[in-house]
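What follows is a single structure, written as C-alpha cells, with notes after it.
Chains as they are written, first to last, in this note's numbering: chain X, 1 to 409; chain V, 1001 to 1409.
Below, the structure written as C-alpha cells:
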C-alpha cells in the first residue's frame, strides 16, 4: 500500500480564510508524519449559491455549459487560497483545477460523470514533495469544456483521485463527527458508528443523510476504497465506510433516518387495465421527474379501479401535479390529490438480509405509538415507511429504541 | 478585410448583472448587422480587488502562481454571465477561459506576456454563428498553468485576439467617451480627440492616463490594429487610435496630462567619479524599483560633487528611501532627501517631432504662471516637467490654453 492519503474538505470546512488556515495546519501534520497528501476542496461556504444567485438575476434557465463555467470558479478560489495557506506555514503546495489535473468527464453538464483521471501530473508534484490540492466538484470534457459533477460532487472527485493514485485512505472531512445511528438532534442517545458498510451508507445517503454523495459511495464500493468520514473541527476518529465485515453481521439494523423532503401524489380511480402504470410512469419520466416510492391500491370507491400513489421531491411537486393531471385526463382517472405533510422513516442494516422479522418489529414499534403507515417500500437492507409528518420525530425515537441503537448506559 | 469585430468591456462596463445585460444588447445589435463578434470581458466591478483581499487575509506575499489561479476566476465569472445574458436575448454565445481558447503566455505569473493565440477554436464557433466570449487578463503556459497579464491586461487580450483573427476593428469599451486633450475634471474646455496615434497614446498611457494598458497599445501599433476607445454607456463615437495620419501633422501637441503618483528622491553630494551613477542605478534595479525620470546636477554645496535625483511611484517610496540610504553610505554621499508633493505635467504630440519650439512654449507657459520647474525629461513626442503638486491644476490649464487644445468657441 502506498503512503498517499486523499483528504476532502467540504464547504463547511472552508467557510472562511481562518478555517482554511486551520485545515492547512492539519494537512501539514499529516505530511510531516511522512504521508504524501492530495487534498480535494469544495467552494468556500455559500459561494456556489451566491454564484447561482448571480446567474438567476440574468436568466431562470441558464445554459448548463455556462452554469458549469460559472460555478466551477468557486472551487478554483478555494484551492488557490489553501495552497497559499500551506505556503505560509512553510510547506510546498500546488493547486490544480479539475481540468489541469485531467479529471475527464462526459459532457452531461451540471451532473457529469468521471470517465478517468490522469494521475501523472499529481504523481510528479507529489514526488517533488508538494501537497497537491485539487478543485473538487469539477472536471473537463475531451473537448476542454468545464463540467461539474452535481451537488456533493467533491466527494466523487476525492474517491476518483484515491482510486487513480491507489491511495492508502480517503478521508472525508465535514462538520459532524461521523455517521450516527440516528440524527442526534432528534434522538439524544444516538451513537456514532465506528464502521458502516458501503451498502448501508448508500441507503443512508439516498434517504437524505446529507453527509455524503451517493455516487461517491458507489464508486468507493466498486473499487474497495475505505472512506473515513470525520470532522474537520476536532481530531476524533469518525466512521469508516468499507466492505461488509464479520462484525456487522450481528447487528440487525445500524441506523434510523427520516426524510421530510418528499410529497405524495395520488392519481385516483385509474381504470385497472394492463399498461396503465406503464403509461403513467413513462410520461413522468419524460418530464424528468424523479419518483421515489410507488404503490398501487384497489380503489375504495369503485371496484376494478385503482389508486396509484408515488412520492417525489417537494421542489418538484408543482411540476408533478401538473403532469399527473394531464395523465389523469388522458387515462380517464378521476383526478389528482397530493399531500406534502409526510415523512419517510427508514431503518437500514446489512443484518436484515439474514434475519427475518425486522419489518414486523418496525411496524409494531410504529403501531405501539399509534402511528399510521401510509406507504411501505423495502430493499434488501432497508425498510421505509411513509407516515404523517407530525409523527416523524416520535417514530424515529421509537425505532431507535426498538432496535437498541442507543449508547450503552 | 474580414467582418470580425473584437470588443473589450472593462470592469466599469460590467459592474453588475444589469450592466451585463445592457452589453449583451449592444453585442447583439452588432451581430444582427452581420458582424462576427468576439468579446473580451474583465472581472465584475471590484471582484479582482476582493479576491486579492481574501488572499491578503492569508498571506502578505502569496505565491504568484496561486495568485493568478485565484484572480483569474473573476473573468471566468464574467464570461459565463455574459453568455447567459446573450442566450436570454435569443442569440447563441459561448464563453471560454484564456486557457481554453489557447492564449499561450510565458510563465511570468502576474505579468505574463502573450506568446501566441490559437484562433482555431474561436473560428469554429464563429462559423457556427455564435458570439465568442473570452476571459480577458488571462492566459496559460505550455505547462497548462494559468497566468494573468497584469493590470489592464484585458486590453492586451483583446488586441492579441484582434491580431490572431485578423479582425476589422478592435473596440475598447470604458466609462469615458474617449481620449481627451486633458482631464475634463481639471480643464473644462478639454476636447475629445477623434484620432490619436499609437505613439501619442503610448506616452499618454505611460504618463498615467488610466484608459488603456501600455502593452496593448504597443501590440496594436506593432500589428497596425486600429483601436476604438469609447463608452459602453452611450453610442457616441470615441477616439480611434491608429498609425500616424496626415491630419495629425498639423497639430503640435494633442494633449496635456498630469501624474501625481510619483515622488522625488535625491542622493545628495555624491562624489563625482565615473561609475557612480551606474552603481546607484544597478543597486536600485536589483531591488526591482522602477525609476521614471533621472537628473544629475552639480551640487550646490561642494564643487566636484553632484546631486542625483530620480522619481519613483509613491507606493515604492519607503523601499526606495531605504535602498537610497544604503547606496548613500556605500558611495560616501551625504544623505538622502525626498519629496512626495510633486506632480509631473506633460505635453504629448507627434507634431513636435517636426517642429522646434514646443519645449520653449511649454516652459514659458509655466513661467507665465510663476511655476518653478524642478526636473525635465523629454522623448521624441513628449515633454514632461516635475513641478510642485500644489501647482498641478494651474499648470495643466495653462498648457492646455497655450497649445490651443480647447473646444472651438
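Where is the CB? At the ideal position from N, CA and C, for every residue including glycine.
Since the model is a prediction, treat every value here as computed from it, not as a measurement.
For residue i, which residues from the same chain have a beta carbon less than 8 Å from its beta carbon, with the 5 sequence-adjacent residues on both sides left out?
i: residue 230/X; result: 171, 172, 173, 174, 177, 178, 236, 237, 238 and 239
i: residue 355/X; result: 252
i: residue 64/X; result: 109 and 110
i: residue 184/X; result: 190
i: residue 1357/V; result: none
Helix, strand or coil for residue i per DSSP?
i: residue 248/X; result: Note that residue 248/X has pLDDT 49, beneath the 50 cutoff, so the model's placement of it is unreliable and the number below is only indicative. If DSSP states are grouped into helix, strand and coil, residue 248/X belongs with the helices.
i: residue 1153/V; result: helix
i: residue 417/X; result: There is simply no residue 417/X to check, as chain X begins at 1 and stops at 409 in what is shown.
i: residue 73/X; result: helix
i: residue 1169/V; result: strand
i: residue 12/X; result: helix
i: residue 414/X; result: Outside the modelled stretch of chain X, which goes from 1 to 409, sits residue 414/X, for which no answer is possible.
i: residue 1226/V; result: coil
i: residue 212/X; result: coil
i: residue 1006/V; result: strand
i: residue 1409/V; result: Reliability fails at residue 1409/V, whose pLDDT of 47 lies under 50, so the model's placement of it is uncertain and no value is given.
i: residue 95/X; result: strand
i: residue 1318/V; result: helix
i: residue 1368/V; result: helix
i: residue 42/X; result: coil
With a Cβ-Cβ cutoff of 8 Å, do residue i and residue j count as a contact?
i: residue 83/X; j: residue 1050/V; result: no
i: residue 1366/V; j: residue 1387/V; result: yes
i: residue 1089/V; j: residue 1133/V; result: no
i: residue 1376/V; j: residue 1199/V; result: no
i: residue 1333/V; j: residue 1361/V; result: no
i: residue 291/X; j: residue 298/X; result: no
i: residue 289/X; j: residue 323/X; result: yes
i: residue 265/X; j: residue 338/X; result: yes
i: residue 5/X; j: residue 262/X; result: no
i: residue 23/X; j: residue 99/X; result: no
i: residue 1341/V; j: residue 1389/V; result: yes
i: residue 404/X; j: residue 186/X; result: no
i: residue 259/X; j: residue 207/X; result: yes
i: residue 1052/V; j: residue 1071/V; result: yes
i: residue 77/X; j: residue 47/X; result: yes
i: residue 268/X; j: residue 335/X; result: yes
i: residue 1102/V; j: residue 1124/V; result: no
i: residue 1167/V; j: residue 1114/V; result: no
Mind listing the chain B neighbours of residue i? Cutoff is C-beta to C-beta under 7 Å, in chain order.
i: residue 73/X; result: Included in the structure are the protein chains X and V, with no chain B among them.
Short of 6 Å in beta carbon distance, which residues of its chain neighbour residue i, apart from the five on each side in sequence? Order them along the chain.
i: residue 1080/V; result: 1095
i: residue 7/X; result: 39 and 171
i: residue 1242/V; result: 1226
i: residue 1020/V; result: 1014, 1081, 1082 and 1085
i: residue 1409/V; result: Note that residue 1409/V scores a pLDDT of 47, beneath 50, so its modelled location is shaky; the value from the coordinates is reported in the next line. Correct list: empty, nothing qualifies.
i: residue 150/X; result: 111
i: residue 293/X; result: 311, 375 and 377
i: residue 371/X; result: 387, 391 and 395
i: residue 1035/V; result: 1003 and 1005
Name, please, each residue of chain V whose Cβ falls closer than 7 Å to the Cβ of residue i.
i: residue 17/X; result: 1054, 1057 and 1058
List, in order along the chain, the chain X residues whose C-beta lies closer than 7 Å to that of residue i?
i: residue 1144/V; result: 100
i: residue 1080/V; result: 66, 69 and 70
i: residue 1084/V; result: 55, 58, 59, 62, 63 and 66
i: residue 1095/V; result: 66 and 69
Going along the chain, which residues of its own chain have a beta-carbon closer than 7 Å to the beta-carbon of residue i, five neighbours each way excluded?
i: residue 353/X; result: 380 and 381
i: residue 1075/V; result: 1041, 1042, 1043, 1135, 1136, 1137 and 1138
i: residue 416/X; result: For chain X, the structure presents residues 1 to 409; residue 416/X sits outside this window and is missing.
Would you mind telling me which residues of chain X sit closer than 8 Å to residue i, beta carbon to beta carbon, in chain order?
i: residue 1088/V; result: 58 and 59
i: residue 1043/V; result: Simply none; closest approach about 10 Å.
i: residue 1020/V; result: 58
Any heavy atom of the ligand FMN within a distance shorter than 7 Å of the CB on residue i?
i: residue 320/X; result: Ligands in the displayed structure: none, and consequently the ligand FMN is not present.
Residue i versus chain V: which residues are under 9 Å apart at the beta carbon?
i: residue 127/X; result: Residues of chain V passing the Cβ test: none, with the nearest at roughly 16 Å.
In chain V, which residues lie with their C-beta within 8 Å of the C-beta of residue i?
i: residue 51/X; result: 1077
Handout entry: Given 8 Å, three or more beta-carbon pairs between the stretch 1390–1397 of chain V and the stretch 1306–1316 of chain V
Key = no
Problem - the stretch 1106–1113 of chain V touching the stretch 1040–1047 of chain V, judged by at least three CB pairs closer than 8 Å - result: no
Exercise for the section: Indicate whether the contact test is met: 3 or more Cβ pairs, each with one atom in the stretch 186–198 of chain X and one in the stretch 116–132 of chain X, closer than 8 Å. Expected result: no
Problem - Stretch pair the stretch 211–219 of chain X + the stretch 151–160 of chain X: three plus CB contacts closer than 8 Å - result: yes
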